[in-house]
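Undergrad:
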Amino acid sequence: MAGRDLEDFRRAFRSGERVVGRVLSRPDARHALVDISGFELLAATDTDPPPGARLTFSIIRMHPVVVLREIARDHADPNAALPRRIAGLLSSLASARAAFEPQLTGLRPPPAPSSGQAVDLVDLKRRFLSALCADETAFAAYRRLARLTRELAALPGLSRLGKYLYAPWYPPDAVGHELLLGRPGAGGAREIHLAFRLNGPNGPGEVRIKALFHGEVARCLVFAAAPEGLDRHMFLPETVRLGRKVVRLLPMAAPRPLGPSMPSLAQSLLGSGAGSFTGVNLRV
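This is the structure we're talking about:
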């Protein structure tokens, strides 16, 4: 691994962390060249994995060289470690959020347009990432958080539902962003879940939006810890732009209260499937 890539790897990962890698080749009987989130490293292995196999490794140390050791798998029950893996990933995500989100203030794009103007989500993302790339510390923290999100998204409980993402550029002024783009259903309709937190003395706190996107309309249900603190145009404009497509956002009802001590969106979805935080199914 080149020196610059090695430093990027050290910023993105921590000693003692578990990582998943794809085997690229076997240079000898005791080692494998593996791809871990785009980084190519040599790892020690006690098995004989073929190219393309996915293995779990522990990062033994970072200096003076990176040392990875394969973690033995339980062949009797391949799902036995899944609850521990979920708990570990959620804990790591919480830690990574705590490191990154204090830096969001300096990376935010300008406020959303006023009523009647479409919010260009692609442009918001572009400008956010441009500001992020100019801040080396924030970029390293973001890469770690994005990598952990990808690992969580690959778990069967989420991947079967759709694409789970971290998109901190929208809504502005929020933290704790989570997004699930459900798989297309009948007629191309797609269910979307968005979660975030709007803090402040009079803010709504935790917010969940559940939308059914079909054609050029997204019908939305909104839930919040303090619905009375919601300003619709703070997070739910009348229209959004996705490239050349303009989508109307139509609230189906007044915002509803969330229950106390809500788990994260990922925890809700991993626990009992899509819709578990609302108990409401949307229809076209």
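For what it's worth, our numbering labels the leading residue of the sequence shown as 1187, then goes sequentially.
All residues carry an ideal CB built from backbone N, CA and C; glycine is no exception.
1) In the segment 1348-1435, which residue ranges form an unbroken beta strand (DSSP E) of at least 3 residues, counting only runs that do not cross its ends?
2) Whole angstroms is fine: what's the gap from Ala-1284's alpha carbon to Leu-1276's?
3) Quick one: what's got a C-beta closer than 8 Å to Ala-1324's C-beta in the same chain, skipping five residues either side?
4) Could you give the C-beta distance for Ala-1369 and Ser-1223, rounded to a whole number, given that I count them as a contact under 8 Å?
5) Three-state secondary structure (DSSP) at Glu-1226?
6) Can you grab the Cα-Cα spacing for the pair Arg-1427 / Leu-1331, in whole Å?
7) Cα separation between Val-1466 and Lys-1311?
8) Once DSSP output is grouped into helix, strand and coil, what is the label at Gly-1238?
9) Count the CB pairs spanning the segment 1239-1254 and the segment 1203-1214 that are closer than 8 Å, and state whether there are at least three.
10) Enumerate in chain order the residues of its own chain whose CB-to-CB distance from Ile-1448 is below 6 Å, with the five nearest sequence positions on each side excluded.
11) Decide if the segment 1335-1353 is in contact with the segment 1363-1383; the criterion is three or more beta carbon pairs, one per stretch, under 8 Å apart.
12) Using only alpha-carbon positions, find the residue among Ala-1360, Asn-1388, Gly-1202 and Val-1403 that is nearest to Pro-1413.
13) Going by Cα to Cα distance, which pick from His-1400, His-1363, Ser-1454 and Thr-1425 is closest to Val-1305?
14) How far does the alpha helix (DSSP H) with Gly-1274 in it extend, from its first residue to its last?
15) Look at the alpha carbon of Ala-1273 and the alpha carbon of Gln-1303, and state the distance between them as a whole number of angstroms.
16) What are the boundary residues of the alpha helix (DSSP H) that includes Leu-1210?
17) Using DSSP's beta-bridge definition, name the partner residues of Arg-1442.
18) Tyr-1395 to Leu-1366, Cα distance in whole Å?
19) Can you name the start and end residues of the beta strand (DSSP E) that Val-1253 belongs to?
20) Taking just the CA atoms, how far does Ala-1327 sit from Leu-1416?
21) For the alpha helix (DSSP H) containing Phe-1199, list its first residue and its last residue.
22) Is it buried or exposed for Ala-1340, if we count other Cβ within 10 angstroms and need 16 for buried?
23) Cα-Cα, which of Met-1438, Val-1251 and Thr-1335 is closest to Ala-1397?
24) How about Leu-1455 and Leu-1344: are their beta carbons less than 8 Å apart?
25) Determine the direct distance from the alpha carbon of Ser-1316 to that of Pro-1236, and round the result to whole angstroms.
26) Tell me whether Ser-1201 is buried or exposed, calling it buried when 16 or more other Cβ atoms sit within 10 Å of its Cβ.
TA: In terms of the structure at hand:
1) The segment 1348-1435 contains, as complete beta strand (DSSP E) runs of 3+ residues, the segments 1348-1351, 1361-1368, 1376-1384, 1391-1400, 1403-1410 and 1425-1428 (chain order).
2) C-alpha of Ala-1284 to C-alpha of Leu-1276: approximately 12 Å in a straight line.
3) So the qualifying residues of the chain are Phe-1286, Gln-1289, Gly-1292, Leu-1293 and Leu-1318.
4) Residue 1369 is actually Arg in this sequence, not Ala. Actually they do not touch by this definition, with Cβ atoms about 24 Å apart.
5) In the structure shown, Glu-1226 falls within a strand segment according to DSSP collapsed to helix, strand and coil.
6) C-alpha separation (whole angstroms): 26 Å.
7) Legend: pLDDT at Val-1466 = 41, less than 50; position of this residue unreliable, value from coordinates given subsequently. Approximately 30 Å, taken between the alpha carbons.
8) Shown here, Gly-1238 sits in coil according to DSSP, grouped into three states, outside any helix or strand.
9) With a cut-off of 8 Å, the segment 1203-1214 and the segment 1239-1254 count as touching, because enough Cβ pairs lie within range.
10) The amino acid occupying residue 1448 in the given sequence is Met; Ile does not appear at that position. So the list reads Glu-1392, once near-sequence residues are dropped.
11) Segments in contact, yes.
12) Out of Ala-1360, Asn-1388, Gly-1202 and Val-1403, Asn-1388 has the C-alpha closest to the C-alpha of Pro-1413.
13) Of the residues His-1400, His-1363, Ser-1454 and Thr-1425, the one whose Cα lies closest to the Cα of Val-1305 is Thr-1425.
14) 1268-1286 is the span of the alpha helix (DSSP H), which, as asked, contains Gly-1274.
15) Roughly 41 Å separates the two Cα atoms.
16) Unbroken run through Leu-1210 is the beta strand (DSSP E), 1204-1214; no alpha helix (DSSP H).
17) DSSP lists Phe-1409 as partners of Arg-1442.
18) Note that residue 1395 is Ile in the sequence shown here, rather than Tyr. For the pair Ile-1395 and Leu-1366, the Cα-to-Cα distance works out to about 11 Å.
19) Element bounds for Val-1253: 1253-1256.
20) Rounded to the nearest angstrom, the two C-alpha atoms are 30 Å apart.
21) From DSSP, Phe-1199 is part of no alpha helix (DSSP H); its letter is neither H nor E.
22) Here Ala-1340 is exposed. Its C-beta has fewer than 16 other C-beta atoms within 10 Å.
23) Relative to the Cα of Ala-1397, the nearest Cα in the group Met-1438, Val-1251 and Thr-1335 belongs to Met-1438.
24) Taking 8 Å as the cut-off, the beta carbon of Leu-1455 is found closer than this to the beta carbon of Leu-1344.
25) If I take the Cα positions, the gap works out to 39 Å.
26) By the 10 Å Cβ count, Ser-1201 comes out exposed.
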